[in-house]
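>
In the numbering used here, the protein residues as written are 262 to 571.
1. Could you tell me the distance, in whole angstroms, from the CA atom of residue 550 to the CA atom of residue 411?
2. What are the boundary residues of the beta strand (DSSP E) that residue 233 is part of?
3. Give the single residue among 510, 526, 378, 464 whose Cα lies nearest to the Cα of residue 448.
4. Counting only the same chain and skipping the five closest in sequence on each side, list residues whose C-beta sits under 6 Å from that of residue 404.
5. Could you tell me the distance, in whole angstroms, from the CA atom of residue 377 to the CA atom of residue 560?
6. Could you check how far apart the C-beta atoms of residue 433 and residue 524 are, in whole angstroms? I think they sit under 8 Å.
7. Nearest-angstrom Cα distance between residue 332 and residue 284?
8. Which residues share a DSSP beta bridge with residue 327?
9. If we count Cβ pairs, one from each stretch, closer than 8 Å, do we get three or more for the segment 503-521 versus the segment 538-558?
10. Would you call the segment 298-311 and the segment 365-377 in contact, with 3 or more CB pairs under 8 Å?
11. Please report the Cβ distance between residue 436 and residue 508, rounded to the nearest whole angstrom; I am assuming they are in contact, meaning their Cβ atoms lie under 8 Å.
12. So, with DSSP's three-state summary, where would you put residue 419?
13. Beta-carbon within less than 8 Å of residue 536's beta-carbon, same chain only, minus the 5 sequence neighbours each way: which residues are those?
14. Is it true that the CB of residue 368 sits closer than 8 Å to the CB of residue 495?
15. Are residue 326 and residue 319 close, meaning C-beta to C-beta below 8 Å?
16. For residue 499 and residue 529, I'd like the C-alpha separation in whole angstroms.
17. In whole angstroms, give me the CA-to-CA distance for residue 382 and residue 395.
18. So, helix, strand or coil for residue 335, using DSSP?
19. Smallest Cα separation from residue 364: which of 462, 387, 486, 391?
20. Would you report the Cα separation of residue 366 and residue 533, rounded to the nearest angstrom?
21. Just the C-alpha distance for residue 388 and residue 321, rounded to the nearest angstrom, thanks.
22. Along the beta strand (DSSP E) that carries residue 525, what are the first and last residues, could you check?
23. Just to confirm, are residue 338 and residue 279 a CB contact at a threshold of 8 Å?
24. Measure from the alpha carbon of residue 538 to the alpha carbon of each residue in 547, 554, 548, then state which is nearest.
25. Per the DSSP calculation, residue 435 is bridged to which residue(s)?
26. By the DSSP assignment, the alpha helix (DSSP H) with residue 553 in it spans what residues?
27. Select from 439, 454, 497, 290 the residue whose C-alpha is nearest the C-alpha of residue 462.
28. Taking the straight line between their C-alpha atoms, what separation do you get for residue 288 and residue 274?
29. Name the residue from 446, 393, 491, 568 whose alpha carbon lies nearest to the alpha carbon of residue 513.
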């Protein structure tokens, strides 16, 4: 019988099923995610538990509940899955052509507003290129190969990365014309207290950065409890702004491209965040990754400048 010290002797497919059940919470959902049968997933879990000599899940009527030991194995299993995925992508990429799979991770707003018009022409130019767009505001670890190329709002501090600062992303307050016609336009940051405001559920580090622009803004900013709409999804916030629900924050490059939105207090609220690209240095030898990296760097720099003046 294998022990925890002999994990390399266990079939990787067993770990794939283990991780899928961890993520999905049931055999049926894991089977759908892996596109295999439910009995196969159940057999994999049983074989892995037997091989390791431990119990990984408690079977309940509501699904499979991971044991404390299973939770400790989640992080290494996730890291191994990302490494296997990266190996498959790299193996599929030919070194003499812009072809194969490149995974790009970016936040919701950038993924929905900036990347599509930038990357679509690249796909037309290179028909054998395949893109995986991972829409996530979390900081994915490029060193651990969770992503090939990451678009970030903070400077990468890890060594072993190719990093490039694309520019500064100005942010502003925006509302739909219909809302401003109904509620009036605020003339100062303090008047925001009287308006329907759209914001976050939880104060994240980047929100603290926004509020640290000046003490006056921090003191005048509406509390989370007084916000009309709260969501940690910037895409959901933007959708509510476009629907006329109230005033919210978005990138100036997004707001100025939307004919339905108008910026308010452009001089009273004008913070900005740095925009960075990061890629593992080992990928510099692959034309597909280098091409996507350079294309994003140039395209995002132009996108940050805003739409051309009519």
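Glycine is no exception: its CB is placed at the ideal position from the N, C-alpha and C atoms.
Reading off the structure:
1. C-alpha separation (whole angstroms): 12 Å.
2. With the chain represented from 262 up to 571, any question about residue 233 goes unanswered, as that position is not in the structure.
3. Checking every option, the nearest Cα to that of residue 448 belongs to 526.
4. Note on residue 404: pLDDT 47, under 50, position unreliable in the model; the coordinate value appears next. So the list reads 419, 421, once near-sequence residues are dropped.
5. Rounded to the nearest angstrom, the gap between the Cα atoms of residue 377 and residue 560 is 11 Å.
6. Confirmed, about 5 Å.
7. About 11 Å.
8. Looking at the DSSP assignment, residue 327 forms a beta bridge with 318.
9. Counting Cβ pairs under 8 Å, fewer than three are found: no touch.
10. Segments in contact, no.
11. Sure, about 4 Å apart at Cβ, within 8 Å.
12. Three-state DSSP puts residue 419 in coil, outside helix and strand.
13. The residues are 412, 413, 414, 426, 427, 428, 429, 430, 561, 565.
14. Going by C-beta atoms, residue 495 is nearer than 8 Å to residue 368.
15. Yes, these two residues count as a Cβ contact at 8 Å.
16. Rounded to the nearest angstrom, the two C-alpha atoms are 20 Å apart.
17. Straight-line Cα distance between these residues: approximately 19 Å.
18. DSSP places residue 335 in helix when its eight states are reduced to three.
19. Minimum Cα distance to residue 364 is reached at 391.
20. Rounded to whole angstroms, residue 366 to residue 533 spans 21 Å at the Cα level.
21. Cα atoms of residue 388 and residue 321: separation of roughly 48 Å, rounded to the nearest angstrom.
22. For residue 525, the enclosing beta strand (DSSP E) covers residues 522-525.
23. Closer than 8 Å, so yes.
24. Closest option to residue 538, Cα to Cα, is 554.
25. Looking at the DSSP assignment, residue 435 forms a beta bridge with 509, 524.
26. Where residue 553 is concerned, the enclosing alpha helix (DSSP H) stretches over 548-565.
27. Here the closest residue by C-alpha is 497.
28. The C-alpha of residue 274 is placed about 15 Å away from the C-alpha of residue 288.
29. For the set 446, 393, 491, 568, the Cα lying nearest the Cα of residue 513 is the one of 568.
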